[in-house]
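Heads up: the protein sequence lines correspond to chains Y and P, in order. Everything in the first sequence is counted per the working numbering, starting at 32 for the first residue and increasing by one. Everything in the second sequence is counted per the working numbering, starting at 0 for the first residue and increasing by one.
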Amino acid sequence: MKILLSPPIVFAFALGIGLALYRLGRAMAPTLKVTSGKGSPYACGEDATMQKAQVGYRQFYSLAIFFTVMHVAALVVTTLPAGPIAVLGIAYLAVITLAIFALVSR
Amino acid sequence: MAILSKLATWSRAKSPWVLHFNAGGCNGCDIEILAALMPRFDAERFGVQLKSTPRHADIILCTGCVTRQIGDRLKRIYDQTPDPKFVIAVGTCASGGAPFNGCYCNHGGINKVIPVDMYIPGCPPRPDAFIYGVTQLLARLRGTK
Numbered sequence: 032m033k034i035l036l037s038p039p040i041v042f043a044f045a046l047g048i049g050l051a052l053y054r055l056g057r058a059m060a061p062t063l064k065v066t067s068g069k070g071s072p073y074a075c076g077e078d079a080t081m082q083k084a085q086v087g088y089r090q091f092y093s094l095a096i097f098f099t100v101m102h103v104a105a106l107v108v109t110t111l112p113a114g115p116i117a118v119l120g121i122a123y124l125a126v127i128t129l130a131i132f133a134l135v136s137r
Numbered sequence: 000m001a002i003l004s005k006l007a008t009w010s011r012a013k014s015p016w017v018l019h020f021n022a023g024g025c026n027g028c029d030i031e032i033l034a035a036l037m038p039r040f041d042a043e044r045f046g047v048q049l050k051s052t053p054r055h056a057d058i059i060l061c062t063g064c065v066t067r068q069i070g071d072r073l074k075r076i077y078d079q080t081p082d083p084k085f086v087i088a089v090g091t092c093a094s095g096g097a098p099f100n101g102c103y104c105n106h107g108g109i110n111k112v113i114p115v116d117m118y119i120p121g122c123p124p125r126p127d128a129f130i131y132g133v134t135q136l137l138a139r140l141r142g143t144k
């Protein structure tokens with residue numbers, strides 16, 4: 032019973048349901064009639080002007096690093112063993128503070 | 000499969016989403032359509048919801064006599080609406096061109112450009128007439144008319 036709730040089995044089950052719904056929807060849908068307007072983007076009936084765009088992740092990258100560092104710091108601090116060794120957490124947090132400072136003042 | 004088909008028809012008839020398209024009208028019919036969709040006449044009690052893209056619409060509500068300039072746009076929007084789709088020509092101009100029929104600058108009705116399923120005459124048609132037309136179309140869709 033436990034193996035039925037393991038992640039791979041649950042994932043395969045969910046994937047199966049998704050595929051079944053997709054196939055059912057496809058079977059119920061009317062036959063596709065390809066026309067020139069069918070695949071074109073909707074722009075109130077006008078010709079949509081295309082332009083190339085290059086997506087940049089520079090700003091997102093800084094934010095992602097910030098959250099990663101903070102999450103790892105929180106994980107490390109909360110899982111430190113009790114006792115005198117926990118003082119090392121303060122040194123770790125000091126390093127984290129420097130890292131955040133470097134990230135923000137970049 | 001027949002049960003699923005019935006279910007699809009039932010859900011389609013319960014949520015007919017509409018796209019409003021002015022194909023060169025004077026806005027009289029458009030104002031009446033908006034009045035029908037507002038709380039006073041409340042066409043939404045039949046599931047009718049106004050959508051801003053043909054990709055989400057089941058019914059195209061067309062007004063106007065279709066000017067030469069907008070004919071191609073109307074055809075493209077009709078193509079972009081997913082099947083099964085329905086077209087309602089709202090107003091006398093949309094139904095047959097009315098006083099503009101034969102004029103050099105227009106097609107003389109929606110059905111000259113795309114197939115029409117329902118005509119709602121009037122200049123402009125009252126919101127009651129609009130609601131009556133939509134309910135007749137839904138009854139036909141359910142197979143009860």
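Each residue gets a CB set at the ideal place from its N, CA and C atoms; glycine is no exception.
Check                                                                                                               : Outcome
Cβ contact check for the segment 88–98 of chain P and the segment 85–93 of chain Y: 3 or more pairs under 8 Å       : no
Beta-carbon neighbours of residue 83 of chain Y, restricted to chain P and to distances below 8 Å                   : In chain order: nothing, as chain P lies at least about 23 Å away.
Chain P contact residues for residue 73 of chain Y, given Cβ-Cβ distances below 7 Å                                 : 52, 53, 54, 79
Beta-ladder partner(s) of residue 92 of chain P, from DSSP                                                          : In DSSP, residue 92 of chain P forms no bridge with anything.
7 Å Cβ shell around residue 111 of chain P - same chain, five flanking residues per side excluded                   : 65
Assigned secondary structure, residue 65 of chain Y (DSSP; H/G/I helix, E/B strand, else coil)                      : coil
Three-state class that DSSP yields for residue 13 of chain P in the structure shown                                 : helix
Boundaries (first-last residue) of the alpha helix (DSSP H) holding residue 58 of chain P                           : No alpha helix (DSSP H) contains residue 58 of chain P, which is instead part of the beta strand (DSSP E) from 58–62.
Proximity of residue 73 of chain P and residue 113 of chain P at Cβ, strictly below 8 Å                             : yes
Reduced DSSP category for residue 40 of chain P - H, G, I as helix; E, B as strand; rest coil                       : coil
Proximal chain P residues relative to residue 80 of chain Y, where beta-carbon distance stays under 8 Å             : Chain P residues near residue 80 of chain Y: none, gap ~15 Å exceeds 8 Å.
Cβ of residue 4 of chain P within 8 Å of any chain Y Cβ                                                             : yes
Neighbourhood of residue 38 of chain Y by C-beta, 6 Å cutoff - its chain only, sequence neighbours within 5 removed : none
Alpha-carbon spacing of residue 107 of chain P relative to residue 93 of chain P, whole angstroms                   : 8 Å
contact_flag[the segment 115–127 of chain P, the segment 82–93 of chain P] where n(CB pairs < 8 Å) is 3 or more     : yes
Exposure of residue 126 of chain P, with buried meaning 16 or more beta-carbon neighbours within 10 Å               : buried
Cβ neighbour criterion (16 or more within 10 Å) applied to residue 62 of chain Y                                    : exposed
Closer than 8 Å to chain P by CB, residue 49 of chain Y                                                             : no
Nearest-angstrom Cα separation, counted from residue 48 of chain P out to residue 39 of chain P                     : 15 Å
Residue 25 of chain P versus residue 102 of chain P - alpha carbon distance                                         : 16 Å
Any 3 or more C-beta pairs closer than 8 Å across the segment 8–23 of chain P and the segment 104–124 of chain Y    : no
Rounded Cβ spacing between residue 107 of chain Y and residue 123 of chain Y (contact assumed at less than 8 Å)     : 6 Å
Terminal residues of the alpha helix (DSSP H) in which residue 55 of chain Y lies                                   : 38–59
contact_flag[the segment 50–69 of chain P, the segment 53–60 of chain Y] where n(CB pairs < 8 Å) is 3 or more       : no
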